[in-house]
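Residue numbers for the sequence shown follow my numbering, so the first one is 26 and each next one is one higher.
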Amino acid sequence: MAVPTLAYSRPDFAAGAHHRVANSLALLASIVRMQASAFGKRPDMVSCDEVRTVLEELGNRVHTIARLHGRLAAGPPDGAVALGDYLRDVAAAVVSALSAAGQVRLRFACEKDCLVAPERALPLGLIVAELVTNAVKYAHPAGVAGEISVACGVADDQTVTIEVSDDGIGLPEGFDPMKNGNLGLQLVRCLASELAARISFAHDPLGTSFELKMPTETVV
Ligand SMILES: Nc1ncnc2c1ncn2[C@@H]1O[C@H](COP(=O)(O)OP(=O)(O)OP(=O)(O)O)[C@@H](O)[C@H]1O
Ligand SMILES: [Mg+2]
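What follows is the structure in structure tokens.
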């Protein structure tokens, strides 16, 4: 079964509160369809426990989108979003929800003047939430304390760059993050493609890093 595309509209005109609600709901619908598609590819019976876990994770994602939406709704409907403060909030909320105090140290290096259109901020926030979630869950399976870094900046040609990295064990051997993975990385790839952003991963036994570059026309 083909992977569904993410059906939220591009903000060519009249970006406002109504658009934002519609985009958030469309994004949620797309995520539910992606999960349904993943189940459709399974040849085996799925246990009640697995269904419960998947629904709980779906609930977490709905909660993340609601939080991102609330954060964006606090600003003007057509105002640019300062990525630095926004991504800091996104990453901090994930870490405080998923890890014990002191277990993860978050580092930020975000330029203050890194601005994006509000409609771009929702998918960018979700991408960072998925990657920080993965870093918290998988980077240090032995439970040692670790560090997660989030950085963003804007180049002279207005290309926005976002980086998320950790100092953990790296991705599993033979794993290709541009093709493999579950709903999380699938979502990262689909959202990046919708944003016309280029993404890349690098990893070794000292950590995993992710970079996204979003072209100039999607920046305010
Ligand atoms: N930062 C990381 N460090 C180590 N392994 C990672 C990291 N990020 C991802 N992985 C590996 O990649 C796999 C796929 O990640 P992905 O986010 O697609 O799915 P998932 O986290 O297992 O499930 P979900 O659909 O809930 O996100 C993970 O199960 C994990 O083995
Ligand atoms: Mg994941």
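C-beta: ideal position from N, C-alpha, C; glycine also.
Inset, instruction - Could you tell me if F38 is buried or exposed, where buried requires 16 or more neighbouring beta carbons within 10 angstroms of its beta carbon? - result: Locating residue 38 in the sequence shown gives position 13, counting from the first residue. Because F38 carries a pLDDT of 41, less than 50, the predicted location of this residue cannot be relied on, and the following value inherits that uncertainty. The residue in question, F38, is exposed, as its Cβ has fewer than 16 Cβ neighbours within 10 Å.
Legend entry - Own chain residues within Cβ distance below 7 Å of P240, not counting five before or after: If you number the sequence shown from 1, residue 240 lands on position 215. Result list for P240: T184 and A221, in chain order.
Legend entry - Opening and closing residue of the beta strand (DSSP E) in which R130 lies: In the sequence shown, counting from the first residue as 1, residue 130 sits at position 105. Start and end: V129 to C135.
Inset, instruction - Could you tell me whether any non-hydrogen atom of ligand 2 is closer than 8 Å to the CB of T158? - result: If you number the sequence shown from 1, residue 158 lands on position 133. In this structure, T158 has its beta carbon less than 8 Å from a heavy atom of ligand 2.
Inset, instruction - Pull up the distance between the alpha-carbon of F200 and that of A167, whole angstroms please. - result: Locating residue 200 in the sequence shown gives position 175, counting from the first residue. Locating residue 167 in the sequence shown gives position 142, counting from the first residue. Cα to Cα, F200 sits roughly 20 Å from A167.
Inset, instruction - Measuring alpha carbon to alpha carbon, tell me which of L210, L80, S124 and P143 ends up nearest Y111. - result: As a first step, residue 111 must be located in the sequence shown, where it is residue number 86. Selection L210, L80, S124 and P143 evaluated against Y111 yields P143 as nearest (Cα-Cα).
Legend entry - Three-state secondary structure (DSSP) of G209: Numbered from 1 along the sequence shown, position 184 holds the residue referred to as residue 209. It is helical.
Legend entry - Secondary structure of K238, DSSP reduced to three states: Taking the sequence shown and counting its residues from 1, one reaches residue 238 at position 213. In the three-state scheme derived from DSSP, where H, G and I count as helix and E and B as strand, K238 is classed as strand.
Legend entry - L216 - partner residues in DSSP beta bridges: Along the sequence shown, one-based indexing puts residue 216 at 191. In the DSSP output, where bridge partners are listed per residue, L216 has none listed.
Inset, instruction - State whether the stretch 107 to 123 contacts the stretch 172 to 189, with contact taken as three or more CB pairs (one from each stretch) at a distance under 8 Å. - result: Contact between the stretch 107 to 123 and the stretch 172 to 189 is present, with at least three C-beta pairs closer than 8 Å.
Legend entry - Rounded separation between D229 and V169 - CA only: The residue labelled residue 229 in the question sits at position 204 within the sequence shown. The residue labelled residue 169 in the question sits at position 144 within the sequence shown. Taking the straight line joining both Cα atoms gives about 18 Å.
Inset, instruction - Return yes when at least one heavy atom of ligand 1 lies under 8 Å from the C-beta of N48, else no. - result: Along the sequence shown, one-based indexing puts residue 48 at 23. It does not: the Cβ of N48 is nowhere closer than 8 Å to a heavy atom of ligand 1.
Inset, instruction - Please indicate yes or no: does the CB of K162 lie closer than 8 Å to some heavy atom of ligand 2? - result: Here the question's residue 162 lines up with position 137 in the sequence shown. Remark: the shortest separation between the CB of K162 and any heavy atom of ligand 2 falls under 8 Å.
Legend entry - Secondary structure of E198, DSSP reduced to three states: For the purposes of this step, residue 198 is taken as residue 173 along the sequence shown, with counting starting at 1. DSSP places E198 in coil when its eight states are reduced to three.
Inset, instruction - Tell me where the beta strand (DSSP E) around C177 begins and ends. - result: On the sequence shown, residue 177 is found 152 positions in, with the first residue counted as 1. Start and end: G171 to V179.
Legend entry - Alpha-carbon to alpha-carbon, A61 and D69: By one-based count along the sequence shown, residue 69 stands at place 44. By one-based count along the sequence shown, residue 61 stands at place 36. Approximately 14 Å, taken between the alpha carbons.
Inset, instruction - Drop a sphere of 10 angstroms on the beta-carbon of S248, count the other beta-carbons inside from all chains shown, and report buried for 16 or more, exposed for fewer. - result: There is no way to answer for residue 248, as the model of the chain reaches only from 26 to 245.
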